[in-house]
Every structure is written in C-alpha cells, then in structure tokens.
C-alpha cells in the first residue's frame, strides 16, 4: 500500500505544473512570502510599542537591563540570519534556474562551437542566454546586496551605563545609618536605595555596564590588617576608623579586585590623608545598598528606513520569483541529470562523432607530451583514467 501511494504521489508531482525546477522556485516563493510577513510584522510591532518611531525613524522593541537586552539582541539577530538565509536560498536557486540553458540554447551554442555550464549558478552563461532572463538574473543578484548591508544593521542594542562610586563604612557609623534609613526594607520600596544584602551586590556590579544602580554602599563590621604595623594603643581606634572608610570610583575591574579572595571579605588598599602608611585592608561586608538611578534603560531598537529597504528587496525578489514561476514554461537543464536525460532522449546532431577526450588526452594519445605538466600524483592518476575512458566526478 505504501509503495502504491508513493508511486501515485510521484505520478501526480510529475504531472503537475510544479514538477522539476518549478517545485524549487515554488518553495523559494513560499519562503520569501514568509520572510516578507515577518518583516512587515516587525515594522508594525515597533510602531505600536512604546512611543513608536521618532523623527529619525528609530523605535524601541524592548526596554530593560543590560543582560535582558543583550539576550534579546542576540535572539533577534539569530532570527534575522535565519530569515535572510531562507530568502537568499530561494533567490539563489531561481538565479541558477535563470542561468541554466534549455535544450534549444545548448543546441544553438553547440552549433557555434561553444559550450554552456550545467548544474551550477553560472555568470558565464549570461552572455549566451536570452537578455530577458539575464536581466531577471541581475535584478535578483543586485537585490541581495542591500540585504547583506542593511538587514543585520536594522536591529541594534543601546546599552546605558552609570558612573558610580564605592563607599565602605562601618555598619554602626552615622554615615551607614543615614544610608540605611533611605533603603528599601521588606515590602516598602519608597526609599532612595536598593537593598543588596546577602552578596547580591556582586551580581549587580560585576558587570561592564550598570545602568539602574548608582553608588554602592558597603557596611562592614570587622577589619583585618597587617599586625606588623607599628601602632600605639592610643592610635588603634583612630587608625581603625581611618582605614575602615573607602570612597573610590567604581568599575567592573575594581569590583573583581575587591572580591578576588572572598565574596564576604573584601580586600582593598587605603592611603589615608593624615600621613599614615599605605596598607592593604580586609573587611567583612554584612550589609550592602545601592543608589537608585533614573537613567534611561538599555533597549533594543530598530531602524524604520533600513527595514523599508529590506522590505523593498524582499518584495522585489518575491515578485521576480513569482513571475518566473507563473509565466516561464521552459524546460531548463538545471542539473546534470536533466542534461543527461535530454541527450539520452534526443542526441545532439552537432556533437555526433565528436570525441570526449580533452586536449591533454589527445596529445598523449598522439605521442606528444601534455601542454601542462602533471603537478601531482592525483592529477596523473586522473589523466590515466581518462585515457582509458573512465571519468570520475
């Protein structure tokens, strides 16, 4: 039953108007139509999201933090690459069909003593085929150039980053009490600072871009330092308070340096202004908070004008492929199998009695050296096989 169904299906396909090269062009039209719908949808979604397009034709598709925006940007570019691959695959196949000769083209060219390429996308054939097909071929080829230039550039990410400072202070100090009084607690989120305890501050600030968080406040309760320093007992308390404080400009490299040894004990170098020696200090962080910032968030944006260029090229390719599919009734020799079947069905009168040996084979057969010396053993083996009438693919 399965064999009978397969045979019936094959007969139906062969009897339909989409048999042979037309099936490939039909699939190309379907893929191009799908890509066209996706491009139109992207333009509409961008126009209806947020404030739509601005005067420069730029709209935001997604707004959020840097990590989320980077993921969205990567996903959209993977989608764009997949869509462009589908579009170019259908276009390139149609270009191969248009540059493929018909049997009439082959007979006419053979009568002139020339030859045509079969089975490849051949620019050489363009000067030997009808001008109409050559013009359609050039139109498909030229419409691919803007896709390579503008499609990936039509979607891009904008990352915002805030400058911030790192401030270390004793957890019982007045400075920390002022910070803590304006920090969110529990369900109360009306403060000026985020609560980043339990090591959450490392995840936030160990990043190249920090946009929603400002100055970082670290509350410490213990301090460790080199005991070989010559401190008098009366200077210990003043020294501890001096080395406990830190106020530096922050960045990812400094955050990594702070937490290089431990996520709980941070290590930093202090140079007090009152004449004390520079010293490496380790401090235990028990609380952390960060300033809330109202800077513009990161976002994924699209360019309307770039998308319109892509849309025009997409529509042009679809129109040309549909025109070829609907109007062209020619029997093209797209593959080597098509050419072999055609010549087996009807021999070429212009090549009857003509040998298939090339110039090199003829020279060797007549006892002359080849015009181009054999450069390696592989070429020599192929040449010997051809002399015996064996042709390898």
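In this note's numbering, the protein residues as written are 25 to 417.
Idealized CB from N, CA, C, for every residue including glycine.
Predicted model, so just to flag it, every value in this text is computed and none were measured.
Check your understanding: If residue 85 sits next to residue 325, beta carbons under 8 Å apart, how far is it from one beta carbon to the other, in whole angstroms?
Key -> Locating residue 85 in the chain shown gives position 61, where the first residue counts as 1. Locating residue 325 in the chain shown gives position 301, where the first residue counts as 1. About 7 Å separates the CB atoms of residue 85 and residue 325; that is less than 8 Å, so the two are in contact.
Check your understanding: Does the region 357 to 368 come close enough to the region 116 to 130 to have 3 or more Cβ pairs within less than 8 Å?
Key -> Contact between the region 357 to 368 and the region 116 to 130 is present: three or more C-beta pairs spanning the two stretches fall below 8 Å.
Check your understanding: Within this structure, are the beta carbons of residue 274 and residue 188 separated by less than 8 Å?
Key -> As a working note, residue 274 is residue 250 in the chain shown. As a working note, residue 188 is residue 164 in the chain shown. Going by C-beta atoms, residue 274 is nearer than 8 Å to residue 188.
Review point. Quick one, are the C-beta atoms of residue 307 and residue 226 less than 8 Å apart?
Key: Against the chain shown, residue 307 aligns to sequence position 283. Against the chain shown, residue 226 aligns to sequence position 202. Here residue 307 is not near residue 226, since their CB atoms are 8 Å or more apart.
**Study point:** Residue burial classification, residue 172 (beta-carbon count within 10 angstroms, cutoff 16)
**Key:** Here residue 172 corresponds to residue number 148 of the chain shown, with the count starting at 1. Under this definition residue 172 is an exposed residue.
Practice item. Quick one: give me the first and last residue of the beta strand (DSSP E) that residue 237 is part of. Key: By 1-based counting over the chain shown, the position of residue 237 is 213. For residue 237, the enclosing beta strand (DSSP E) stretches over residues 237 to 249.
**Study point:** Cα-Cα separation, residue 220 to residue 293
**Key:** To locate residue 220, count along the chain shown from 1; it is residue 196. To locate residue 293, count along the chain shown from 1; it is residue 269. Using only the alpha carbons, I get a separation of about 23 Å.
Exercise for review: Using a threshold of 8 Å, state whether the C-beta atoms of residue 168 and residue 234 are closer than that.
Suggested key: The residue labelled residue 168 in the question sits at position 144 within the chain shown. The residue labelled residue 234 in the question sits at position 210 within the chain shown. For residue 168 and residue 234, no; Cβs fall outside 8 Å.
Check your understanding: Which residue from 182, 156, 333 and 289 puts its Cα closest to that of residue 98?
Key -> Along the chain shown, one-based indexing puts residue 98 at 74. Measuring from the Cα of residue 98, the nearest candidate turns out to be 182.
Review point. Taking DSSP as the reference, what is the three-state secondary structure of residue 126?
Key: Counting from one through the chain shown, the residue named residue 126 turns up at place 102. Per DSSP, reduced to three states, the secondary structure at residue 126 is strand.
Review point. What are the start and end residues of the alpha helix (DSSP H) that includes residue 369?
Key: Residue mapping note: residue 369 aligns to position 345 of the chain shown, counting from 1. For residue 369, the enclosing alpha helix (DSSP H) begins and ends at 360 to 369.
Check your understanding: If you compare alpha carbons, which of 110, 329 and 66 is closest to residue 3?
Key -> In this structure the chain extends from 25 to 417, so residue 3 is not present and cannot be described.
Check your understanding: If you draw a straight line from the alpha carbon of residue 288 to that of residue 246, how long is it in whole angstroms?
Key -> Taking the first residue of the chain shown as position 1, residue 288 is located at position 264. Taking the first residue of the chain shown as position 1, residue 246 is located at position 222. Taking the Cα positions, residue 288 is about 11 Å away from residue 246.
Review point. Between which two residues does the beta strand (DSSP E) containing residue 314 stretch?
Key: For the purposes of this step, residue 314 is identified with residue 290 of the chain shown, where counting begins at 1. Where residue 314 is concerned, the enclosing beta strand (DSSP E) stretches over 303 to 316.
Review point. Around the Cβ of residue 312, are there at least 16 other Cβ atoms within 10 angstroms (buried) or fewer (exposed)?
Key: Reading the chain shown from its first residue, position 288 is the one you call residue 312. By the 10 Å Cβ count, residue 312 comes out buried.
Review point. Whole-angstrom Cβ separation of residue 67 and residue 328, contact assumed at under 8 Å?
Key: Against the chain shown, residue 67 aligns to sequence position 43. Against the chain shown, residue 328 aligns to sequence position 304. Correct: roughly 7 Å between the Cβ atoms.
Point to revise | Boundaries of the beta strand (DSSP E) in which residue 64 is found, first to last residue | key: Here residue 64 is taken as the residue at index 40 of the chain shown, counted from 1. No beta strand (DSSP E) holds residue 64; the alpha helix (DSSP H) holding it covers 45 to 72.
Exercise for review: Give the straight-line distance between the Cα atoms of residue 224 and residue 249, rounded to the nearest whole angstrom.
Suggested key: Within the chain shown, numbered from 1, the residue matching residue 224 stands at position 200. Within the chain shown, numbered from 1, the residue matching residue 249 stands at position 225. Their backbone Cα atoms lie some 25 Å apart in a straight line.
Review point. Assuming residue 117 and residue 52 make a contact with CB atoms under 8 Å, what is their CB distance in whole Å?
Key: Translated into the one-based positions of the chain shown, residue 117 becomes position 93. Translated into the one-based positions of the chain shown, residue 52 becomes position 28. Yes, they are in contact, since the Cβ atoms of residue 117 and residue 52 sit about 6 Å apart, within 8 Å.
Exercise for review: Can you give me the start and stop residues for the alpha helix (DSSP H) that residue 201 sits inside?
Suggested key: On the chain shown, position 177 is the one that residue 201 refers to. Its alpha helix (DSSP H) spans residues 198 to 205.
Review point. Does the beta-carbon distance from residue 314 to residue 228 come in below 8 Å?
Key: The residue labelled residue 314 in the question sits at position 290 within the chain shown. The residue labelled residue 228 in the question sits at position 204 within the chain shown. It is a contact, given that the beta carbons lie within the stated cut-off.
Check your understanding: With C-beta atoms as the reference, is residue 242 less than 8 Å away from residue 179?
Key -> Numbered from 1 along the chain shown, position 218 holds the residue referred to as residue 242. Numbered from 1 along the chain shown, position 155 holds the residue referred to as residue 179. For residue 242 and residue 179, no; Cβs fall outside 8 Å.
Practice item. Within the same chain, show all residues whose beta-carbon is closer than 7 Å to that of residue 354, passing over the 5 residues directly before and after it, in chain order. Key: Numbered from 1 along the chain shown, position 330 holds the residue referred to as residue 354. Excluding positions up to five away in sequence, the list reads 126.
**Study point:** Secondary structure of residue 353, DSSP reduced to three states
**Key:** Indexing the chain shown from 1 puts residue 353 at position 329. In the structure shown, residue 353 sits in coil (DSSP, three-state: anything other than H, G, I, E or B).
Point to revise | Closest by C-alpha distance to residue 305, when choosing among 318, 316, 281 and 321 | key: Your numbering for residue 305 matches position 281 in the chain shown. For residue 305, the nearest C-alpha among the options comes from 281.
Check your understanding: Taking the C-alpha atoms as reference points, what is the distance between residue 107 and residue 91?
Key -> Start at 1 with the first residue of the chain shown, and residue 107 comes out as number 83. Start at 1 with the first residue of the chain shown, and residue 91 comes out as number 67. Separation of residue 107 and residue 91 (C-alpha to C-alpha, rounded to the nearest whole angstrom) is 25 Å.
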